[in-house]
Amino acid sequence: MSELSIQAAAPAIPGRLRLFWRSFAENRGAVLGLGIMVVLIVVAALADVIAPHSPIEQFRSHFLTPPIWEAGGDPAFLLGTDDVGRDMLSRLIYGARLSLIIGFSVASLSLVAGTILGLTAAFAGGMVDIVIMRVMDILLVFPSLLLAIVIVAILGPGLFNAMLAVVVVTLPGYTRLARASALSELARDYVTATRCAGAGSLRLMFDTVLPNCLAPLIVQVSLGFATAILDAAALGFLGLGAQPPTPEWGTMLSGSLQYYQRAWWVLAFPGFAILLTVMAFNLFGDGLRDALDPKLKR
Amino acid sequence: MLRFLLRRVTLIIPTFVGVTFLSFMLIHLVPGDPIEVRVGEHGIAPERLAQLRHEFGLDQPLWQQFLTYEVQLAHGDLGVSVVTRDTVWNEFTTLFPATVELAVCAIIFAMVVGLPLGVIAAVRRGSAFDYGLMGLSVTGASMPIFWWGLMVILVFSVSLGWTPVSGRISDIYFVEPWSGFMLVDCWFADEAGACASAWGHLILPMIVLGTIPLATIARMTRSSMLEVLNEDYIRTARAKGLSVPRVVVVHALRNALIPVVTVIGLSVSSLLGGAILTETIFSWPGVGHWLVESIQRRDYPVLQGGTLLVAVLVILVNLGVDVTYSFLNPRIRR
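Spelled out as structure tokens, the structure:
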């Protein structure tokens with residue numbers, strides 16, 4: 001009886017998730033970013049259903065048809081067609097799928113590789129630490145786009161190689177972050193305690209220390225999504241990323257260079273899609289940082 | 001101070017060697033033999049190939065080749081362009097002023113616009129202006145500048161016809177290129193229209209390259225100012241009865257500027273990355289445009305030498321920023 005009354009009297013302690021959401025939702029930009037992300041994910045997942053046409057089908061009678069609200073627009077092609085008669089809207093929809101896949105693969109690959117490298121550097125110390133961190137410093141000296149260009153020049157152009165290049169370019173950020181937060185955790189008592197209890201290095205690294213380093217890494221991943229999409233699009237634009245007729249947004253822009261001066265829509269839409277996506281992930285990442293990292297809270 | 005300098009300079013030596021090693025490996029990792037890469041697309045007889053391999057020392061072990069490469073670098077020999085047969089160093093020094101001119105103007109533009117905006121947003125924290133500016137700053141920081149550049153051309157050059165589309169100056173002017181900086185050369189050339197033409201060509205690339213720094217600077221200035229405005233000495237200054245503009249500009253901004261200026265100094269690397277895209281879009285005859293073209297022409301010695309020079313430049317500028325910062329803020333000197 002007395003137990004029950006005590007429980008009733010205590011105010012409900014909100015769950016961690018709810019606390020997080022409350023703090024996240026304070027930032028209206030972050031919620032907007034999340035909203036755009038959800039829409040993009042739905043569009044990408046349902047691309048086969050909602051796209052009116054195939055992204056690579058060429059309608060020979062509809063070269064450079066303007067969007068529907070312009071004179072000469074065709075209701076079959078809401079956002080117009082490109083120079084070989086492909087439907088812009090369908091290409092943009094499939095491009096969303098591609099961009100999200102690029103962002104996801106690049107961000108998760110650099111997260112995994114960077115975390116392993118960073119934790120190894122922090123745990124091993126000595127020469128291993130010095131070598132890993134020096135290599136990262138060297139990678140950071142190159143302007144990231146230039147380094148990505150050089151890597152693609154070595155591997156050959158293509159979407160997969162471009163993604164690999166972006167992974168290499170973004171790796172130092174994750175490695176430094178993982179190492180720094182692991183080092184600060186390593187000095188704490190609970191790590192010493194676990195070590196005294198006889199935990200091995202691997203268990204210590206991944207089971208004990210890593211969960212406590214996750215917050216900054218998660219923030220970095222969501223911002224890394226934005227960087228990955230932007231860099232892969234830039235490589236596509238320079239002709240080094242996805243190759244035509246792949247409906248990658250940057251590649252679409254590079255294909256529009258010959259005639260964008262008389263067909264603004266082939267230029268405007270893909271770039272706007274890139275901007276919107278990158279912005280959504282940046283807003284979301286900023287919100288995550290504010291919500292997850294109390295030290296930076298405004 | 002001397003110890004700090006020494007340590008800082010010693011630290012860049014391994015980075016320097018690593019960078020040269022990466023650029024050395026570039027030419028060896030590219031598909032095909034370095035000789036074939038050097039002779040270009042024309043092809044070559046096998047006997048001549050073997051002879052050339054010996055001549056260039058390519059039959060030696062890799063580490064020996066690397067040492068030879070380092071010695072060459074120490075003599076300033078960065079290789080020869082496959083396409084133009086000119087030395088990489090010569091080409092770089094001819095094009096570099098154009099990139100510097102563009103980058104410096106872009107940073108000045110970003111500071112002149114970004115600093116006041118950030119200060120106003122901080123002073124009027126929570127106002128519509130503040131929210132609007134922060135929204136714009138996120139947009140600017142997320143901008144795919146290769147698209148932004150083309151949109152700007154579409155609106156201002158093609159539709160409105162206000163500015164030229166590409167290049168540094170109109171063909172009808174000849175300006176003696178004694179400094180390499182078009183604006184300076186035009187100033188002394190004494191041709192009425194030349195300066196106007198140079199500015200007309202510069203303004204769009206400058207805005208495009210300056211967009212991301214502008215967004216960053218406005219945002220950083222705002223948060224740095226917010227921090228400083230809460231300090232005790234600001235309250236003291238206000239309590240003394242000083243006017244608000246005086247407190248904000250003289251007392252707060254001076255202190256808020258230190259982190260902002262450091263970030264600007266350390267952003268050389270990303271600025272050069274942006275210059276690659278901006279120069280490509282505007283056909284600006286600078287280093288970035290040159291590097292992109294070198295890939296399309298498969299001119300690997302240019303890509304190798306140019307990348308190395310850019311990296312060395314970044315190392316040196318970062319060193320300069322660090323040293324300057326340690327003068328301004330002695331606390332980090334240990």
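Sequence lines, in order, name chains A and B. Using full-length UniProt numbering, you'd call the opening residue of the first sequence number 1 and step up by one each time. Using full-length UniProt numbering, you'd call the opening residue of the second sequence number 1 and step up by one each time. Virtual Cβ for every residue (Gly too), placed ideally from N, Cα, C. Every value quoted in this text rests on a predicted model; they were computed, and no experiment measured them.
The alpha helix (DSSP H) spanning residue 379/A covers which residue range?
-> The first residue shown for chain A is 1 and the last is 298, placing residue 379/A beyond what the model contains.
Please classify A280/A: is it buried, with 16 or more other beta-carbons within 10 angstroms of its beta-carbon, or exposed?
-> By 1-based counting over the first sequence, the position of residue 280/A is 280. By the 10 Å Cβ count, A280/A comes out buried.
Three or more C-beta pairs below 8 Å linking the stretch 305 to 322 of chain B and the stretch 240 to 253 of chain B | no
Would you identify the three-state DSSP class for F77/A, choosing helix, strand or coil?
-> Numbered from its first residue, the first sequence carries residue 77/A at position 77. DSSP places F77/A in strand when its eight states are reduced to three.
CA-to-CA distance, L95/B to K297/A, given in whole angstroms = On the first sequence, residue 297/A is found 297 positions in, with the first residue counted as 1. On the second sequence, residue 95/B is found 95 positions in, with the first residue counted as 1. Its pLDDT being 45, under 50, K297/A is placed unreliably in this model, and the coordinates cannot settle the point.
Within chain A, partners of T99/B - CB distance below 8 Å = Position 99 of the second sequence, counting from 1, holds the residue named residue 99/B. Simply none; closest approach about 12 Å.
Can you find a C-beta in chain E that's less than 8 Å from the C-beta of M163/A?
-> Absent here is chain E; the protein component of the structure consists of chains A and B.
Could you have a look at V166/A and say whether DSSP puts it in helix, strand or coil?
-> Position 166 of the first sequence, counted from the start, is the residue given in the question as residue 166/A. Correct three-state label for V166/A: helix.
Of the residues L238/A, P52/A, I138/A and F20/A, the one placed nearest R289/A, counting alpha carbons only = Position 289 of the first sequence, counted from the start, is the residue given in the question as residue 289/A. Answer by Cα proximity: F20/A.
W311/B touches chain A at which residues, Cβ-Cβ below 7 Å?
-> The sequence position of residue 311/B within the second sequence is 311, counting from 1. Sequence inspection shows Ala at residue 311/B; the Trp mentioned does not correspond to that position. Those are V141 and F142, listed as they occur along chain A.
Collapsed DSSP secondary structure at V321/B in the structure displayed = If you number the second sequence from 1, residue 321/B lands on position 321. Helix.
When W249/A, I130/A and S201/A are compared against T15/B, the one with the closest alpha-carbon | As a first step, residue 15/B is located in the second sequence; it is residue number 15 there, counting from the start. Out of W249/A, I130/A and S201/A, I130/A has the C-alpha closest to the C-alpha of T15/B.
Quick one: is G125/A buried, meaning 16 or more other Cβ sit within 10 Å of its Cβ, or exposed?
-> Position 125 of the first sequence holds residue 125/A. By the 10 Å Cβ count, G125/A comes out exposed.
Please confirm if Y259/A has its CB atom under 8 Å from at least one CB of chain B.
-> Position 259 of the first sequence, counted from the first residue, corresponds to residue 259/A. Chain B, which has no Cβ nearer than 8 Å to the Cβ of Y259/A, makes this no.
So which residues on chain A does A141/B lean against when the C-beta distance must stay under 7 Å?
-> Taking the second sequence and counting its residues from 1, one reaches residue 141/B at position 141. Simply N282.
Check whether W265/A and P67/A have beta carbons under 8 Å apart | In the first sequence, the residue the question calls residue 265/A occupies position 265. In the first sequence, the residue the question calls residue 67/A occupies position 67. It is a contact, given that the beta carbons lie within the stated cut-off.
Show which residues of chain B have a CB atom less than 8 Å away from the CB atom of P264/A.
-> Residue numbering aside, residue 264/A sits at position 264 when the first sequence is read from its first letter. The sequence shown places Trp at residue 264/A, rather than the Pro named in the question. Under the 8 Å cutoff, chain B gives L154.
Cβ of A98/B within 8 Å of Cβ of P330/B?
-> To locate residue 98/B, count along the second sequence from 1; it is residue 98. To locate residue 330/B, count along the second sequence from 1; it is residue 330. Going by C-beta atoms, A98/B is not nearer than 8 Å to P330/B.
Would you mind giving the Cβ-Cβ distance between P205/B and L271/B, rounded to the nearest angstrom? I have them listed as a contact below 8 Å.
-> Taking the second sequence and counting its residues from 1, one reaches residue 205/B at position 205. Taking the second sequence and counting its residues from 1, one reaches residue 271/B at position 271. Actually they are not in contact, since the Cβ atoms of P205/B and L271/B sit about 13 Å apart, beyond 8 Å.
Taking Cβ positions only, does A234/A come closer than 8 Å to chain B?
-> Here residue 234/A is taken as the residue at index 234 of the first sequence, counted from 1. Yes, A234/A counts as interfacial toward chain B.
Is M279/A close to chain B, meaning its C-beta is less than 8 Å from at least one C-beta of that chain?
-> Counted from its first residue, the first sequence places residue 279/A at position 279. Interface residue, yes.
Within the stretch 229 to 293 of chain B, ranges of the alpha helix (DSSP H) (whole runs, at least 4 residues) | 232 to 239, 254 to 266 and 268 to 282
Taking only beta-carbon atoms, is L292/A less than 8 Å away from chain B?
-> Locating residue 292/A in the first sequence gives position 292, counting from the first residue. No, its Cβ sits nowhere closer than 8 Å to a Cβ of chain B.
Have a look at D189/A and V221/A and give me their C-alpha separation to the nearest angstrom.
-> Residue 189/A sits at position 189 when you count from the first residue of the first sequence. Residue 221/A sits at position 221 when you count from the first residue of the first sequence. For D189/A and V221/A, the distance between alpha carbons rounds to 28 Å.
Under the three-state DSSP convention, the category V165/B falls into | Translated into positions along the second sequence, residue 165/B becomes position 165. DSSP places V165/B in coil when its eight states are reduced to three.
If the cut is a Cβ gap below 9 Å, which residues of chain B does R176/A touch?
-> One-based indexing of the first sequence puts residue 176/A at position 176. Per Cβ cutoff of 9 Å: no residues; R176/A is ~14 Å from chain B at best.
Min CB distance Y271/A to chain B below 8 Å = The residue labelled residue 271/A in the question sits at position 271 within the first sequence. According to the sequence provided, residue 271/A is Gly. The question's Tyr does not apply to it. With 8 Å as the cut-off, G271/A counts as an interface residue toward chain B.
Quick one: what's V80/B bridged to in DSSP?
-> Within the second sequence, numbered from 1, the residue matching residue 80/B stands at position 80. For V80/B, which the question treats as bridged, DSSP gives the partners T87/B.
Does A153/A come within less than 8 Å of chain B when only Cβ atoms are used?
-> Within the first sequence, residue 153/A is the residue found at index 153, counting from 1. Cβ-Cβ to chain B under 8 Å: yes for A153/A.
For G241/A versus L159/A, is the C-beta spacing smaller than 8 Å?
-> Along the first sequence, read from residue 1 onward, the residue named residue 241/A stands at position 241. Along the first sequence, read from residue 1 onward, the residue named residue 159/A stands at position 159. For G241/A and L159/A, yes; Cβs fall inside 8 Å.
So, I93/A versus A51/A, is the Cβ gap smaller than 8 Å?
-> The residue labelled residue 93/A in the question sits at position 93 within the first sequence. The residue labelled residue 51/A in the question sits at position 51 within the first sequence. Yes; because the gap between Cβ atoms is below 8 Å, this pair is in contact.
Verify the CB distance criterion: does P213/B have a CB-CB separation below 8 Å to chain A?
-> By one-based count along the second sequence, residue 213/B stands at place 213. For P213/B, the answer is no, since every Cβ of chain A falls outside 8 Å of its Cβ.
Quick one: using the 10 Å Cβ neighbour count with 16 as the cut-off for buried, is L4/A buried or exposed?
-> Working through the first sequence from its first residue, we reach residue 4/A at position 4. With a pLDDT of only 49 at L4/A, under the threshold of 50, the placement of this residue in the model should not be trusted; the figure read from the coordinates follows. Exposed, since its Cβ has fewer than 16 Cβ neighbours within 10 Å.
Taking Cβ-Cβ distances shorter than 7 Å, what residues in chain B pair up with I138/A?
-> On the first sequence, residue 138/A is found 138 positions in, with the first residue counted as 1. Correct list: T15, G18, V19 and L22.
Given a threshold of 16 other Cβ atoms within 10 Å of its Cβ, counted over all protein chains shown, does M127/A qualify as buried or as exposed?
-> Here residue 127/A refers to the residue found at position 127 of the first sequence. Its Cβ having fewer than 16 others within 10 Å, M127/A is exposed.
So, does the CB of S326/B fall closer than 8 Å to a CB anywhere in chain A?
-> Translated into positions along the second sequence, residue 326/B becomes position 326. It does not; no Cβ of chain A falls within 8 Å.
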